[in-house]
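In order, the protein sequences belong to chains A and B. My numbering applies: residue 1 is where the first sequence begins, and numbers increase by one. My numbering applies: residue 1 is where the second sequence begins, and numbers increase by one. The C-beta atom is built at its ideal place from N, Cα and C for all residues, glycine as well. The model shown is predicted, which means the values in this text are computed figures rather than measured ones.
Number of protein chains: 2
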Amino acid sequence: MKTNNIVVKKFGGTSVGSIERIENLANRLVKDIAAGQKPVVVVSAMSGETNRLIALGEQIDPDYRGPAYDMLIASGEQVSVSLLAIALQKRGVKAQPLLAYQLGIRTDSVHAKARIKEIDGSTLIRFVEAGVVPVVAGFQGIDDEDNITTLGRGGSDTTAVALSAAISKYSKVCEIFTDVPAVFTADPRLIPKAREIPKISYDEMMEMAALGSKVLHIRCVEIAAKYGIRIHLRSSFEDREGTWIVPEGEAMEQELVSAVTHDANTAVFKLFPVPPGAGFLSELFQVLAARGVVVDIITQSESNEGQRLAFSVTKEDVPLTRQVLKETVKTGAEVLLIENMAKISVVGVGMRNHPGVAARFFKILAQSDIPIHIVTTSEIKISAVIDQKHLAQAANSLHTEFNLDKVE
Amino acid sequence: MKTNNIVVKKFGGTSVGSIERIENLANRLVKDIAAGQKPVVVVSAMSGETNRLIALGEQIDPDYRGPAYDMLIASGEQVSVSLLAIALQKRGVKAQPLLAYQLGIRTDSVHAKARIKEIDGSTLIRFVEAGVVPVVAGFQGIDDEDNITTLGRGGSDTTAVALSAAISKYSKVCEIFTDVPAVFTADPRLIPKAREIPKISYDEMMEMAALGSKVLHIRCVEIAAKYGIRIHLRSSFEDREGTWIVPEGEAMEQELVSAVTHDANTAVFKLFPVPPGAGFLSELFQVLAARGVVVDIITQSESNEGQRLAFSVTKEDVPLTRQVLKETVKTGAEVLLIENMAKISVVGVGMRNHPGVAARFFKILAQSDIPIHIVTTSEIKISAVIDQKHLAQAANSLHTEFNLDKVE
């Protein structure tokens, strides 16, 4: 069979960061091929290159987003796939560099953060059947008008998983090689006892991405979940297993909580009393969205004195949010900004059937006298916004409480 | 009419060599548009960029040529069109960056020196009709398998003229902005009295390109001639007329000779006696061609002692040519290499009806005791290979003899 042993393998900017690293990567792929694998390779731009290109464009116009911006920054991947293909050819491997237009990687037209709509997997399979290694530019697509689009930060991971989905008849494994060796139960820089997670479900991984874990882009996990693609996240530097991101049913350790995540980059706005009238809240959040402010947690409560509103945004969005509040709040309501906040969360599919998790979460914070500013929960996570100064203690205590600590 | 005043305008690497220059170019285009022009812009890569990309590829494999090489070096133009489009947008001009695949610039598959086969002009016209300025990546095409191809050095000029040809129903003018302000009667560095030529015919321009003038690529003039595109070659730095390259009939100064050109980079091989048998010469030149050696002038003569062969190549091809001669000449024939040669030529459509030019050409060289190693003539040019040390004298004398000297 010419189409067995197909594996989509994605390598980040570090793996193609210099000519020497590209040559090393080519050597590694030659070994995989000798071992019978049929790789479909996806690469990012050489490390630093995308930032260099963005800086060029922003020297002219820092605010412009549109076809020319995406065409500009997509050129980074064009260079790295070409170089890797040349390195493979030199080693006697037939390799074909491929751009989005050649594979029909169709996206919507939201430049700089486009979403993949479809990929025609047949072109890819045709190359593999002909004994050719496809070397695909990550991060890019084309829209209905054939303009180049880009998928946003982490977009090459999404490309890799979407290619797997397009050829899922032949292969359901996507290997993503990164600078970190695995997904951890928490950020090891904050929590020294954090340990690697061998297997994690799509839902948990998506929650973690949404909660600030930068390991994988949420869209990439979404596609994997939809098409049942098993992602193997592993180290670019060491040849060992990392973390498998798989369907929930697959023999996972049934922990109540799988990970503690945090985002130290939070600010909270409080508003009291909320101006009367049904339209106020929808107008406020519409205007914020239109200005590009991502509002994270929103809570609202009634009291005899009136309605209370609190919501969190990232630190960077504070000035813009303040400006929007000034424009929309025309009553004398008090607007309070609390900076230097952090969001701490626990994630785990085990919570679905164990309502006790929330109680233990609050108990741990209470025991350490850590006040909670806002809370939000979903079926598989609990998040609280607390003061930054309490973050390390809260995170370590929760990590221990839910039995996540590394066994020494 | 939305399609009158369309002008294809091509700008070289110097014009987009920095963000500042790109901003200046955008300002210049804004002025043209305000004056009623509808530009179709073609640009090269930022100066130095193509060489940087070639160097990256050659670090891996200096000999590789194929789809990955062309994809690599075509990325330079992708960056410059994107940046120029951003700069135009900033000035309120609707601009659309366009790559070869978007315009259907179809070429053959000879990577690194592909030839354009066809362009669908309708896409371009659609943009112009919608009030959008197309900003087209020069130098690149796509082949029948949708791989990126590149057109060789000077390829962006060819792109510009080919686009003019594709929309020749609407416009027959192609402006090419370069570092030199015009075509000269000779290289001013060699001949101080050289002057600008206001108008020159396609045939003369093609001969000049073939004879070593680097102002315009021969393929670009060929296409202009075929479709009757008037090329206006002019300075990137000054706003004034340069040289028009036009059909022969158009009111030219009817000089006998239009220009003196030279190529100081020549070597001559002589072979005596040529090995017997009909097949030798064809085999020799076939093998040279297969190895990529461009043989320029070939002369052959009979004598009682046997056949004599002489041919010229560029200096760079000397080692390879010597190797090929060693492999193909199996008799004891003498192979003589004469290095440090130069080719000096006079070009002019006026020669067609005036056979006296050759006589004057030889007289001038004879008067100065300059020996001629090989000679070749066409309908509109005479070339001689002479010692490099005689080049300046020969060139200046010929320039004066044929009334080309600047009037002080």
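Short of 6 Å in beta carbon distance, which residues of its chain neighbour B/Lys38, apart from the five on each side in sequence? Order them along the chain. Around B/Lys38: Asn5, Ile6, Val128.
What did DSSP end up calling B/Ser164 once you bin it into helix, strand or coil? Residue state, collapsed to three classes: helix.
Is B/Met206 near the ligand FMN, in the sense that its beta carbon is under 7 Å from a heavy atom of that ligand? Judged by which ligands are present, the structure shown has none, so any question about the ligand FMN falls away.
Taking beta-carbon pairs under 8 Å, can you tell me which members of the segment 61-94 of chain B lie near chain A? Within the segment 61-94 of chain B, the residues whose Cβ lies closer than 8 Å to some Cβ of chain A are Asp61, Tyr64, Gly66, Pro67, Ala68, Tyr69, Met71, Leu72, Ala74, Ser75, Gln78, Val79, Val81, Ser82, Leu83, Ala85, Ile86, Ala87, Gln89, Lys90, listed in chain order.
Please classify B/Asp405: does DSSP put it in a helix, a strand, or coil? Assigned with DSSP and collapsed to three states, B/Asp405 falls in coil, not helix or strand.
Do you know whose CA, among B/Gln286, B/Glu58, B/Ser156, B/Leu190, lies nearest B/Gly141's CA? The shortest CA-to-CA distance from B/Gly141 to any of B/Gln286, B/Glu58, B/Ser156, B/Leu190 is the one to B/Ser156.
Identify the contact partners of B/Tyr170 in chain A, using a Cβ-Cβ distance below 8 Å as the criterion. Result: empty, since nearest Cβ-Cβ is about 22 Å, beyond 8 Å.
Could you list the residues in the segment 143-154 of chain B with a C-beta less than 7 Å from some C-beta on chain A, going in chain order? Within the segment 143-154 of chain B, the residues whose Cβ lies closer than 7 Å to some Cβ of chain A are Asp146, listed in chain order.
Whole-Å CB distance - A/Ser109 paired with A/Asp144, under 8 Å assumed: That belief holds up - the Cβ atoms of A/Ser109 and A/Asp144 are roughly 7 Å apart, short of 8 Å.
On the three-state DSSP scale, how would you describe B/Thr266? Note: B/Thr266 maps to strand in three-state DSSP.
Between B/Ile200, B/Lys193, B/Pro275, which has its C-alpha nearest B/His399's C-alpha? Comparing Cα-Cα distances from B/His399 to each of B/Ile200, B/Lys193, B/Pro275, the minimum goes to B/Lys193.
State buried or exposed for A/Glu305, treating a residue as buried only when at least 16 other CB atoms are found within 10 Å of its CB. Exposed is the call here.
Going by the DSSP bridge assignment, what does B/Gly141 pair with across the sheet? In the DSSP assignment, the residues bridged to B/Gly141 are B/Thr149.
Give a yes or no on whether 8 Å exceeds the smallest Cβ distance from A/Leu124 to chain B. No - not a single Cβ of chain B is within 8 Å of the one on A/Leu124.
When the Cα atoms are used, what is the spatial distance from A/Phe177 to A/Ile197? Rounded to the nearest whole angstrom, the C-alpha separation of A/Phe177 and A/Ile197 is 16 Å.
With the cut-off set at 8 Å, would you say A/Leu99 and A/Ala130 are in Cβ contact? Not closer than 8 Å, so no.
Beta strand (DSSP E) segment containing B/Met341, residue limits: Segment 334-347, the beta strand (DSSP E) holding B/Met341.
For B/Gln414, go through chain A and note every residue whose CB falls closer than 7 Å to its CB, in chain order. Look at the range of chain B in this structure, 1 to 408, and you will see that residue 414 of chain B is not part of it.
Segments of 3+ residues assigned as beta strand (DSSP E) that fall wholly inside the segment 78-104 of chain A: With a minimum length of 3 residues, the continuous beta strand (DSSP E) runs that stay inside the segment 78-104 of chain A are 95-98.
Are A/Ala95 and A/Val133 closer than 8 Å when you measure CB to CB? One thing to note: A/Ala95 has its Cβ within 8 Å of the Cβ of A/Val133.
Is A/Pro62 near A/His111, with beta carbons less than 8 Å apart? No; because the gap between Cβ atoms is not below 8 Å, this pair is not in contact.
Of the choices A/Lys31, A/Glu49, A/Gly36, whose alpha-carbon is the least far from that of A/Thr14? Nearest option by C-alpha distance: A/Glu49.
Is it buried or exposed, A/Leu29, if we count other Cβ atoms within 10 angstroms and call 16 or more buried? Taking every protein chain shown into account, the CB of A/Leu29 has 16 or more other CB atoms within 10 angstroms, so this residue is buried.
Can you name the start and end residues of the beta strand (DSSP E) that A/Gln307 belongs to? Taken as a continuous stretch (DSSP letters only), the beta strand (DSSP E) holding A/Gln307 covers 306-314.
In chain A, what lies closer than 7 Å to B/Pro97 by C-beta? For B/Pro97, the neighbours in chain A by C-beta distance under 7 Å run, in chain order, Pro67, Ala68, Met71.
So, does the CB of A/Glu238 fall closer than 8 Å to a CB anywhere in chain B? Chain B contact via Cβ: absent.
So A/Leu25 contacts chain B; which residues on that side make the cut at Cβ distance below 8 Å? Ordered by position in chain B, no residue passes the 8 Å Cβ test against A/Leu25, which lies about 11 Å from the chain.
Go through its chain and collect everything with a Cβ distance to A/Val295's Cβ below 7 Å, but skip five positions before and after it. Cβ-Cβ distances below 7 Å link A/Val295 to Phe285, Leu288, Phe311, Val313 in the same chain, with the five nearest sequence neighbours on each side left out; the list follows chain order.
Tell me the DSSP bridge mates of B/Phe11? As a beta-bridge residue in DSSP terms, B/Phe11 pairs with B/Val43, B/Phe177.
Which chain A residues sit within Cβ distance under 8 Å of B/Gly57? Listed along the chain, the chain A residues whose CB falls inside 8 Å of the CB of B/Gly57 are Ser82, Leu83, Ile86.
A/Ile386: buried (16+ other C-beta within 10 angstroms of its C-beta) or exposed? Residue burial is scored here from C-beta neighbours: A/Ile386 has at least 16 other C-beta atoms within 10 angstroms and is therefore classed as buried.
Helix, strand or coil at B/Glu302 according to DSSP, with G and I counted as helix: Looking at B/Glu302 - three-state DSSP - the assignment turns out to be strand.
In three-state terms, what does DSSP make of B/Ala384? B/Ala384 carries a strand assignment under DSSP once its states are collapsed to helix, strand and coil.
How would you label B/Val407, buried or exposed, when you count the other beta carbons within 10 angstroms and need 16 or more for buried? The residue in question, B/Val407, is exposed, as its Cβ has fewer than 16 Cβ neighbours within 10 Å.
Candidates A/Gly92, A/Leu72, A/Ser47, of which the one nearest B/Tyr64 by Cα: Of A/Gly92, A/Leu72, A/Ser47, the residue nearest in Cα terms is A/Gly92.
Kindly confirm or deny that the segment 211-229 of chain B and the segment 351-371 of chain B touch, where touching means at least three C-beta pairs closer than 8 Å. At 8 Å Cβ cutoff, the stretches do not touch.
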